[in-house]
Amino acid sequence: MLKEASFYSVFNSGKNILSCELCPRACKIPPGEKGFCGVRKNSGGKLYALTYGKFSSINLDPLEKKPLYNFFPGKEVLSVGSAGCNFTCPWCQNSGISQAPADNIQLREADIGELLALARTYNSVGIAYTYNEPLINFEFVRDCAEEFHKNSLKNVLVTNGFINEKALASLLPFIDAANIDIKFFRQDFYKKYCGGNLGDVMRSVEMFVKAGKHIELTLCVIPGLNDNENDFREMVNWIWALAPSIPLHISRYFPAYKYSAQPTSLKTLNRLRDIAVQKLDFVYQGNVSGQTGTYCPSCKTLLISREGYRTEIKALNGNSCANCGAALPIVL
């Protein structure tokens, strides 16, 4: 079905050009054309969301795959993805759905009722909007999130955080958790490699924190680009100022899409981890074996062990450490 988009206005009435106001790109879209993300089209003087209720993937995933380590550890979540993205990351691991035109991708249709039924059938904690950038499919995410929220199921976003403030504010009441991917902590690199803006992503993270939502952050470490210690320390200090309890996932890069540099060295990942743990309570390494356990920040007891996607709760008494009794920001 065609769904009229939210957050747009007429930019030039004489030429029937529309201005999309969903993300900071602010695309000016002539008749018959699409915005940068490829899924928002000017048709007949209205902007339409082309991927409403259309999916490239519907799966049941461990929450650790998002990655979310401190939110329902060991549980599974219905995970849906569509097509398109408002970033241009040349190392994208999901480029087949994020960078290809939506018209070239085989999408299946499913309505919100079907997704609710699937979530209940498989005892999912809720739904995760993931794989491609979910916020460009804003209208469906908003409608689906509202319905899942009404049914006491959780809503999870896995996103680049590149969305305008007004749109995010209207969605936040229905969202329970998010993993936001921090590409760089330098504006010039954000613009050059992603076509985005660091300040807008930081604002989104800060909005999640202010709203009291569970949030975890991921940095995929690209050799020679975002592995600079000074930039990394600046990012860690920013996270610490928001809340030292925000989990940070330092993820290993592997060659993908248009980028063929060698994978991130374990030495680099360990060096960055050693910096982060000086300030942050929960630091994880991604795309590597080990370094995925959750430890009590107070007494260093192993709380949750992980091997691949197998998770075992070791020393939790509700939301407290079973050893020292410290309260923990872990959602069970």
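For the sequence shown, position 23 matches number 150 in my numbering, and the numbering has no gaps at all. We put the CB at the ideal spot given by N, CA and C, even for glycine. In this text, all values refer to a predicted model and were calculated from it rather than measured experimentally.
Pull up the DSSP beta-bridge partners for residue i, would you.
i, result
"E356", "None; E356 has no bridge partner."
"P189", "E203"
"F409", "According to DSSP, which records beta bridges pairwise, F409 is partnered with nothing at all."
"V348", "R379"
"D308", "T345"
"R167", "A176"
"G253", "K281"
"L443", "C448"
"F182", "R235"
"N139", "I144"
"L429", "Y422"
"V336", "None; V336 has no bridge partner."
"I224", "Per DSSP, none; premise fails for I224."
Where residue i and residue j are concerned, what is the direct C-alpha to C-alpha distance, given to the nearest angstrom?
i, j, result
"F312", "Y320", "12 Å"
"N250", "E241", "14 Å"
"S372", "N446", "14 Å"
"F199", "D354", "30 Å"
"Y380", "S222", "14 Å"
"L369", "G172", "42 Å"
"Y258", "S183", "9 Å"
"C448", "K202", "19 Å"
"S206", "H341", "18 Å"
"N444", "N450", "9 Å"
"I349", "L455", "31 Å"
"A132", "L393", "44 Å"
"N414", "P374", "16 Å"
"A246", "S170", "34 Å"
"F138", "Q412", "45 Å"
"K318", "G452", "45 Å"
"A272", "A237", "15 Å"
"D401", "L459", "28 Å"
"R129", "S331", "The question names Arg, but residue 129 in the sequence shown is Leu. L129 and S331: Cα-Cα distance of roughly 28 Å."
"N197", "V268", "23 Å"
"L344", "T248", "30 Å"
"K142", "C154", "15 Å"
"S432", "N282", "25 Å"
"F359", "G322", "20 Å"
"D188", "V252", "11 Å"
"S416", "E274", "37 Å"
Just mark residue i as buried or exposed, buried being the case when its beta carbon has 16 or more other beta carbons within 10 Å.
i, result
"G95", "As displayed, the chain neither begins before 128 nor continues past 459, which places residue 95 out of reach and without an answer."
"N346", "Rather than Asn, the amino acid found at residue 346 in this sequence is Leu. The residue in question, L346, is buried, as its Cβ has 16 or more Cβ neighbours within 10 Å."
"G211", "buried"
"K310", "buried"
"R167", "buried"
"E361", "exposed"
"K193", "buried"
"S308", "The sequence given here has Asp at residue 308, not Ser. So D308 counts as buried."
"C164", "buried"
"L243", "buried"
"R152", "buried"
"L429", "exposed"
"T391", "buried"
"S378", "buried"
"S225", "buried"
Closest to residue i by CA distance: which of the options is it?
i, options, result
"Y135", "L149, F265, G171", "L149"
"G326", "M334, L352, Q314", "Q314"
"Q418", "N397, S425, C164, K406", "N397"
"I457", "A294, Y436, D303", "D303"
"K385", "V137, R247, T215", "T215"
"R437", "S425, A449, G420, K427", "G420"
"A403", "A383, S392, N357", "N357"
"N324", "V336, I290, F301", "I290"
"L352", "K130, A388, A383", "A388"
"S147", "A442, I156, S140", "It should be pointed out that residue 147 corresponds to Cys in this sequence rather than to Ser. Checking every option, the nearest Cα to that of C147 belongs to I156."
"K427", "G435, V415, R433, A442", "A442"
"G288", "T391, A453, P189, Y256", "Y256"
"V285", "A305, E273, L298", "A305"
"C219", "L399, L459, A383", "A383"
"I239", "I254, Q233, S225", "I254"
"L299", "Q233, D270, W367", "D270"
"E118", "F316, F359, W365", "Since the first residue shown for the chain is 128 and the last is 459, residue 118 is missing from the structure and cannot be characterised."
"K337", "G322, F359, E292", "E292"
"A296", "F335, M329, N186, F316", "F335"
"V363", "L399, L145, V283", "L399"
"S209", "R235, L195, P217, I144", "R235"
"C191", "F316, A294, H376", "Note on residue identity: the sequence assigns Glu, not Cys, to residue 191. Answer by Cα proximity: H376."
"F316", "V252, Q233, P217, S225", "P217"
"V328", "E434, N213, G435, Y422", "N213"
Measure from the C-beta of residue i to each C-beta in chain C and report whether the shortest distance is under 8 Å.
i, result
"H276", "The structure shown contains no chain C; it is built from a single protein chain."
Are there any heavy atoms of the ligand FAD lying less than 7 Å away from the beta-carbon of residue i, as far as the coordinates show?
i, result
"Y386", "Here there are no bound small molecules, and the ligand FAD is not part of this structure."
* To do: Would you check if there are 3 or more beta carbon pairs closer than 8 Å linking the stretch 223–230 to the stretch 278–295?
  => These segments do not touch.
* **Segment contact, 8 Å Cβ cut-off, at least three pairs: the stretch 401–418 with the stretch 148–165** => Output reads no: the stretch 148–165 does not touch the stretch 401–418.
* Evaluate the contact criterion for the stretch 262–275 versus the stretch 173–182: three or more CB pairs, one atom per stretch, below 8 Å. => Touching, yes.
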